[in-house]
Each structure stands twice: as C-alpha cells, then as structure tokens.
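Chemist: Offset between the sequence shown (1-based) and my numbering: plus 562.
Okay, here's the structure, questions in a sec.
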Amino acid sequence: MLDETGVWYAEGHEMGKIVIDAEKCNGCEICINICPHKLIRLSERMNVRGYHYTCFEDPEHHCAGDALCAEMCPQVAIKVYR
Ligand code: SF4
563 MLDETGVWYA
573 EGHEMGKIVI
583 DAEKCNGCEI
593 CINICPHKLI
603 RLSERMNVRG
613 YHYTCFEDPE
623 HHCAGDALCA
633 EMCPQVAIKV
643 YR
C-alpha cells in the first residue's frame with residue numbers, strides 16, 4: 563500500500579515491516595544493497611531535496627524485521643516494526 567509520502571508499506575504483516583522517511587533519504591542505496599530479501603528499491607520520484615528516495619515493497623511479507631537496513635542508514639531514515 564502506498565502512503566501519503568509515496569512510501570510503500572505492507573499491511574497485515576506477520577514478521578516485520580519498515581517505513582522509510584522519504585524526505586530524510588539521500589538515495590545512497592546502502593539499504594537496497596544490504597536487504598537480504600531485496601525488498602527495497604529506488605523510487606523514480608524525488609524528495610524535496612532532489613534525491614531519489616527508496617521504497618519498501620513486500621507484498622508477500624518476507625521482511626523479517628532484522629533491521630540491517632535501519633542500522634546501516636546514515637540518514638536514520640528507516641524505522642523497523644516487528
Ligand atoms: S540507507 Fe537510508 S539514506 Fe541510504 S538509500 Fe536507504 S533509506 Fe535512503
């Protein structure tokens with residue numbers, strides 16, 4: 563589901579989910595590269611600072627909430643919910 567900031571998130575998740583703050587993201591792609599399930603992608607949209615931000619897509623609920631993405635994000639833009 564797409565929220566008002568253009569960020570995808572999973573509803574009814576069983577394991578975990580993340581929410582990415584699109585306005586904090588600088589598109590460094592660290593989270594994309596570290597996610598073991600490849601659930602994060604770069605958006606075609608840009609935030610107000612001119613960066614392509616990342617989006618979380620997990621339609622099959624593979625996110626385990628392990629938080630590697632949030633721990634590595636230099637912008638502290640990712641919140642993890644378990
Ligand atoms: S690690 Fe953080 S700043 Fe970098 S692309 Fe992911 S959400 Fe954006």
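Think of the CB as a built atom: it goes at the ideal place given N, C-alpha and C, for glycine as much as any other residue.
A quick note: this is a predicted structure, and the numbers were derived from the prediction, not measured.
Out of 577, 599 and 582, which one is the CA nearest neighbour of residue 636?
Modeler: When each option's Cα is compared against that of residue 636, the closest is 582.
Chemist: If you run the structure through DSSP and keep just helix, strand and coil, what is residue 606?
Modeler: Residue state, collapsed to three classes: strand.
Chemist: Under the criterion of a Cβ to heavy atom distance below 7 Å, does residue 591 qualify as lining the ligand SF4?
Modeler: Result yes, Cβ under 7 Å from the ligand SF4.
Chemist: Would you call the CB atoms of residue 579 and residue 639 closer than 8 Å?
Modeler: Not a contact, by the Cβ cut-off of 8 Å.
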